[in-house]
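Protein chains in written order, with my numbering: chain F, 1 to 250; chain W, 1001 to 1250.
Glycine residues also receive a C-beta, built at the ideal position from the N, C-alpha and C atoms.
Below is one structure, written out as C-alpha cells, with a few remarks after it.
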DNA sequence: ATCGATTTGTCCGTATGTATT
DNA sequence: AAATACATACGGACAAATCGA
C-alpha cells in the first residue's frame, strides 16, 4: 500500500489511503477504524508514523480519537442544525422549530467589574459592575454553544436573582423587566476553542469553532453583550436579509 | 520551568509558557523563537516533546514554523479587518472605507451544468447551465477571501464576456444589466480549507476558515449563489441589525 | 467489583532527509 | 561547503482510559 520510493511522506500516503476508505464508504460514519498497532503492522510502518497520519486527519475533522477506545470515522455533520439568526432570537424556540430538543444550563452567574471588551461593547466605564453569566446550550443532548454574557448591574439590578429562578433568559427580560431586547450588532469569526471551552463543548481543542459576538438593546439601552462559541462541526448559522419574494431555499 | 510532578503533560506546560511569552510581548510578532534543540536543552525536555508543544500552538495559529529557518510568533491579526456585511455589499468600497487597499483577481470563469448545491440555492433544475467563476480578493496585498460564484446562464447570458472586460462584479450587474442585487440569505460556518483553498489563501491547511454562503437577488430573480471562504486568522465579519439609536460601538 | 487486555497518550532516544542561511 | 533548523521515520517504555470477562 505504502510506496517507499516515490518520496511522498509515508504519513501523507497513509492519510490519503484512510481518506479513500472513508470517501468510498468502506469505512462508514461512526465506525471504528483499525487500531494504530494494527495499521502499523498492516502497512509496515512504525506506530508513530501511523499516529502522524491519524492526527493529520483528526485536525481536519475526518477522524476522531477516543483514548482507551479507538479511532472513529467522524460523523458527517452537514446541516446538523441550521440555526437561524434574527434581530430577536430565542434559542429554545429556534431549536424546537427545527424539530430538535433544546437544553440550557446556567454554569455560573457572578457580579464583577466589567472587563475591557465588555465595557467597550456596552459603552460603560471599564470596571463598572456587570453580571457575568455563562450558559451552555445543547441540542438533542449534544453541546452546541457556550456563551459568556455581560449585563450592566445598573440597568438590571437583580438579574442574578431572576436568572436563578427563571427558565429562560428571554422570559426574564420579558416578564420581569417588560423588555424585548433585539440584536444590535453581530460579529462572526472562525477560530479554536480555549481549553475550558473545548471541555464544556466536548470537542477536542483542534476542532474549529464559530465565534459570534452580539449586543442586545431594548428601549435604547445596551442590555447585554454576549460572546458565543459555537461548535464548528455542528453549527451552521443563517441570516435572512429580506422578507419579500422569492423565498430562500433550504 | 517545567514541573514534572503535577501530572500536567510537559508539552502543555511548555505551550502555556510560550503563550505567556507571546502575550506578555517578551516574544513579539514575527520574532523568531528559540529553536527546538535550544528549548529542549533549556527545559530539560526531549526535542519531540518540544515539537509537540510547538505543533500545538501552530495549529492554534500562535506560531508559524518555516522549514530550515525557524519558528516565529505569528502576526497578530486581531481586528485586521472588520468586514461589514449588509444587504447590498461591495467588497472594494467596503475595504477602502476601512482605509485598506483592495485587490481582486478573477481566477477563471466557465460555463458548466449546475452542481447540486448551486442548483438548490438558485432553485434551478440540477444540470442547467451556470457560469461558475472564482474570485480571489486581497486586502493590503494579503489574500483575504476566495469565492466560488454560480449564476444562471439563462438570466445573464453574456456574463462571462462582461466579467472579462469589467473592473468589478457590481459594475457588471449595475451598468450592463441595470440590476442592483441584494443579499437574500447568508449562512456562516467554521471549518478548514481544502488543499487548493489553503494554497490560494496562503495559509496552512490547519488554519480555520469562515465559510459564508450567499444568494443574491434582484427584481425577484435569484441571480447568484456564492460560497466564500474567508481566512479565519484575518477576517471578522459583522452585521448591524438596526439603524436606530444607540450606535453600535466598535 | 476486580483484573487483564486493548487502545490511545505521553515521553524519551536515535538517525537521516531537506530547506535555509 | 558547512552549519543550522525543521521534517520524517524508526525504536522502546510506561501511563491512562475503556471494556469485557
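Contact of residue 183 of chain F with chain W by beta-carbon distance below 7 Å involves 1241. In the three-state reduction of the DSSP assignment, residue 1090 of chain W falls in the coil class.
For the C-beta of residue 60 of chain F, the chain W residues within less than 9 Å are, from N- to C-terminus, 1192, 1205 and 1206. Taken through DSSP and simplified to helix, strand or coil, residue 163 of chain F comes out as helix. With respect to chain W, the C-beta atom of residue 201 of chain F has no partner C-beta closer than 8 Å.
It is roughly 16 Å from the alpha-carbon of residue 16 of chain F to the alpha-carbon of residue 71 of chain F.
If only complete runs of 4 or more residues are kept, the stretch 37-64 of chain F shows the alpha helix (DSSP H) at 47-59, in order along the chain.
In this structure residue 107 of chain F is exposed. Its beta-carbon is surrounded by fewer than 16 other beta-carbon atoms within 10 angstroms. Around the C-beta of residue 132 of chain F, 16 or more other C-beta atoms lie within 10 Å, and the residue is accordingly described as buried. By the criterion of a C-beta distance shorter than 7 Å, residue 1170 of chain W is surrounded in its chain by 1090, once the five residues flanking it on both sides are discounted. Per DSSP, the unbroken alpha helix (DSSP H) holding residue 1199 of chain W starts and ends at 1195-1201.
With distances taken between CA atoms, residue 43 of chain F lies nearest to F:14 out of F:174, F:65, F:27 and F:14. For the stretch 80-125 of chain F, the continuous beta strand (DSSP E) assignments of 3+ residues that do not extend past its boundaries occur at 81-85 and 102-113, in sequence order. Separation of residue 111 of chain F and residue 153 of chain F (C-alpha to C-alpha, rounded to the nearest whole angstrom) is 8 Å. For residue 92 of chain F, the nearest beta carbon of chain W is not closer than 8 Å to its own beta carbon. For residue 240 of chain F, the uninterrupted beta strand (DSSP E) run begins and ends at 235-240, by DSSP.
Rounded to whole angstroms, the separation of the alpha carbons of residue 182 of chain F and residue 1081 of chain W is 25 Å. For residue 210 of chain F, the C-beta contacts it makes with chain W under 8 Å involve 1188, 1189, 1190 and 1210, in order along the chain. The criterion of a C-beta distance shorter than 8 Å is satisfied by residue 19 of chain F and residue 62 of chain F. Between the stretch 200-209 of chain F and the stretch 1141-1161 of chain W there are fewer than three inter-stretch CB-CB distances shorter than 8 Å, so the stretches are not counted as touching.
Under the 8 Å criterion on CB atoms, residue 1040 of chain W is classed as non-interfacial with respect to chain F. The beta carbon of residue 1225 of chain W is closer than 6 Å to those of 1118, 1121, 1122, 1150 and 1215 in its chain, skipping five residues each way along the sequence.
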